[in-house]
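Read in order, the letters of the sequence shown correspond to residues 44 to 287 in this note's numbering. Even for Gly, the Cβ is constructed at its ideal location relative to N, Cα and C. Since the structure comes first, as structure tokens, the remarks are kept for the end.
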Amino acid sequence: MPARYLSPAFSDQDVSALRIATLVGVEAEIYNDIWSAVFGESLHPGVKLEEIALSEIYGVSRTVIRKVLVIMEQEGVVSLPHNRGAYVALPSPRDALELCEAVAATYTYIVGKLADQPQNITPAQREKLALHVAAEREVAELHTIRRLHMEHATLLALIYGNLVLAAQIERATSRLALALAAYQGVTGNVSSVEYTVALHRLIFEGRKEEAVQMISAGMERARKSMRFGPPDGSVNLKAILGKG
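Shown next, in the form of structure tokens:
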């Protein structure tokens, strides 16, 4: 079963407070599989999730499938239009632009607070950040880098110590990742691991203004990289979820 987080920094992190609901067993498997397929970009924004096919893939009732999909809808990952089935959420162009603004505001606040008091970042927390950097160094695929950047924002919020902000930025960056997958070019506009390393250095050295500006500039690049156009078509769920 795919892990909910790619970054090893989350391996011993209690993230239960970030979840809308706690899932176990096959429900957790369904959730993690769909999450990984969506943010691994095997399931693209706007693609229909056939509930009958999902029921057959996992050998469970449609009620179980619907429970997981409702949770994912509340997180902004799935869309459940009335009497029209389930789809991978496709943020509108307006949503995409507003998500850039929301993520920038939350992210700069968190980074600013950390840079205000870098002495409060413990050695264990610095080690988690180092683990995350190591994970970023190992990947080259656009979707994997994008997913690790999502997780990095959540990690910084957890290190800051505000669980409400951590949950908010996780959901906002998840939705923004969907928008970028839908509207960004093939090569995308993704910052390198050097960007993450430089941001950590600014935080550790207490250079708040520079750290905040770095986030603001990065979010502005993401906003400008989007080109709005039509969504994609249908897919083979069994093959994508690795059950074929």
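For V69, the enclosing alpha helix (DSSP H) begins and ends at 68-82. A direct Cα-Cα distance of roughly 12 angstroms separates R264 from L140. Apart from sequence neighbours up to five positions away, the residues of its chain that approach E84 with a beta-carbon distance below 7 angstroms are H186, A224, ordered along the chain. For the stretch 144-220, the continuous alpha helix (DSSP H) assignments of 4+ residues that do not extend past its boundaries occur at 166-180, 185-203, in sequence order. Annotated as distal: I63 and I108, with beta-carbon spacing of 8 angstroms or more. Contact between V131 and P88 holds: CB atoms are separated by about 5 angstroms, below the 8 angstroms threshold. Assignment of S122 by DSSP, reduced to helix, strand and coil, places it in the strand class. Here DSSP, grouped into helix, strand and coil, assigns V58 to coil. Around the C-beta of H195, 16 or more other C-beta atoms lie within 10 Å, and the residue is accordingly described as buried. Inter-residue distance for D57 and I202 is about 12 angstroms (C-alpha atoms, whole angstroms).
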